[in-house]
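Quick note: the sequence shown uses the numbering used here, first residue 1, plus one each step.
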Amino acid sequence: MEEVVIPASLTYFSADIISYSSKLTTITVAEDNEVYYTSDGNLYAHYKYEWEDIVEEYYALIKYIPTKTDKVYIVPEGINDISYYAFTKVTDLEEIILPETLEYLYLDSLAEISSLKKIAILNPDTELEIEDITYFED
């Protein structure tokens with residue numbers, strides 16, 4: 001799969017659908033989608049939960065485009081979560097800089113980055129969730 005188009009009506013999907021596509025070059029999101037958006041080609045989500053008088057919002061990196069040739073990626077400030085397999089099948093990225101706003105990092109999100117040499121975590125309170133990292137082939 002090389003291209004993904006997310007319409008305005010799609011407000012939830014399992015990112016597993018696109019996680020293992022090493023040929024993904026383009027993600028397009030409808031401008032009026034209330035949850036998903038792209039920046040620099042990557043897919044992000046803005047989740048908002050309301051329960052009684054409590055409103056929680058957070059931002060997540062859903063998918064980094066695996067065909068990018070950048071050596072360094074600075075995750076934008078404001079991102080709270082990096083989704084499972086967000087960087088799967090990335091081959092050129094050598095360094096990831098995680099923002100102070102990052103609260104959760106699932107180590108599975110870093111599965112299969114063959115070129116990764118360094119991760120800088122700017123928030124010392126970021127929770128690392130370590131699970132079995134699984135690998136799948138295209």
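Cβ atoms here follow ideal geometry from the backbone N, Cα and C, with glycine treated the same way.
Three-state secondary structure assigned by DSSP to residue i
i, result
"L98", "strand"
"L128", "strand"
"D108", "helix"
"E77", "coil"
"I113", "coil"
"V90", "coil"
"K118", "strand"
"K68", "coil"
Of the residues the options, the one placed nearest residue i, counting alpha carbons only
i, options, result
"T91", "K48, S83 and K71", "K71"
"I79", "Y59, S114 and Y37", "Y59"
"A8", "Y73, V35 and D16", "V35"
"A30", "A45, K89 and D16", "A45"
"D16", "T88, P76, I27 and T26", "T88"
"I113", "N33, I27, Y104 and T69", "T69"
"Y64", "W51, D40 and E77", "D40"
"S83", "L93, L98, T25 and Y104", "Y104"
"S14", "I74, I62, E56 and S21", "I62"
Cβ shell of residue i (< 6 Å), same chain only, five flanking positions each side left out
i, result
"E140", "Residue numbering for the chain in the displayed model covers 1 to 138; residue 140 lies beyond these limits and cannot be assessed."
"E95", "V72 and K118"
"P76", "none"
Sequence-distant residues of its chain with Cβ nearer than 8 Å to residue i (five each side left out)
i, result
"M1", "I18, S21, K23 and L24"
#### Entry: Entirely enclosed beta strand (DSSP E) segments - the stretch 9-61, minimum 3 residues
26-29, 36-39 and 42-51
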